[in-house]
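Numbering (this note's numbering), first residue to last: 5 to 157.
Note sheet for the following structure.
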């Protein structure tokens, strides 16, 4: 699905939504790539994101994996839809370490209501990449709030 160019409005929709995410801002995550059905996020290393052994904490790893997959699915949703994660499973397969983590969400089955994504997280130092986590995610497409609807806080 990565060979499809996205309309600028879709890219803007993804970036605007990402910018509203307080957790991603708090963690210091940024969007590295957006294409149809694929989104990659990067999380630079900071001591505040580590666990007791100095690796990136599984919570940070999981958070960027979840958001990468959610936005990958969101690239394929119609204009009047929003995205929510209903379930995800992430296997931590190597210690998450490096100058940054890179999480890629990739749609493997886009449905009318449910969308399934593959999640992969890599620890990156220079050109070296270590696969840290892999998983699957289920997203649900929901109706967007109308103008003047619920506060998004």
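All C-beta atoms in this analysis are idealised placements derived from N, C-alpha and C, irrespective of residue type, glycine included.
Note that the structure is predicted; figures quoted are calculated from it, not measured.
Compare the beta carbon distance of residue i and residue j with 7 Å and say whether it is the shorter of the two.
i, j, result
"residue 159", "residue 49", "The question about residue 159 has no answer here: the residues shown for the chain are numbered 5 through 157."
"residue 139", "residue 111", "no"
"residue 79", "residue 40", "yes"
"residue 125", "residue 107", "yes"
"residue 47", "residue 105", "yes"
"residue 62", "residue 96", "yes"
Could you please give me the residues that DSSP links to residue i through a beta bridge?
i, result
"residue 93", "140"
"residue 38", "43"
"residue 145", "87"
Around the Cβ of residue i, are there at least 16 other Cβ atoms within 10 angstroms (buried) or fewer (exposed)?
i, result
"residue 73", "buried"
"residue 65", "buried"
"residue 20", "exposed"
"residue 13", "exposed"
"residue 137", "buried"
"residue 70", "buried"
"residue 132", "exposed"
"residue 102", "buried"
So, at 6 Å on beta carbons, what are the nonlocal neighbours of residue i in its own chain, with the 5 sequence-adjacent residues on each side left out?
i, result
"residue 86", "146 and 148"
"residue 99", "59"
"residue 38", "15 and 18"
"residue 134", "98 and 127"
Give me, in chain order, the residues of the same chain whose beta-carbon lies closer than 7 Å to that of residue i; leave out the 5 immediate sequence neighbours on both sides.
i, result
"residue 75", "18, 22, 43 and 109"
"residue 27", "67"
"residue 144", "88, 90, 117 and 118"
"residue 81", "87 and 145"
"residue 93", "139 and 140"
Ignore the nearest five residues each way along the sequence and tell me which others in residue i's own chain have a CB closer than 8 Å to its CB.
i, result
"residue 84", "147 and 148"
At which residue ranges does the segment 57-142 contain complete beta strand (DSSP E) runs of 3 or more residues, listed in the order of the chain? 85-96, 104-114 and 118-129
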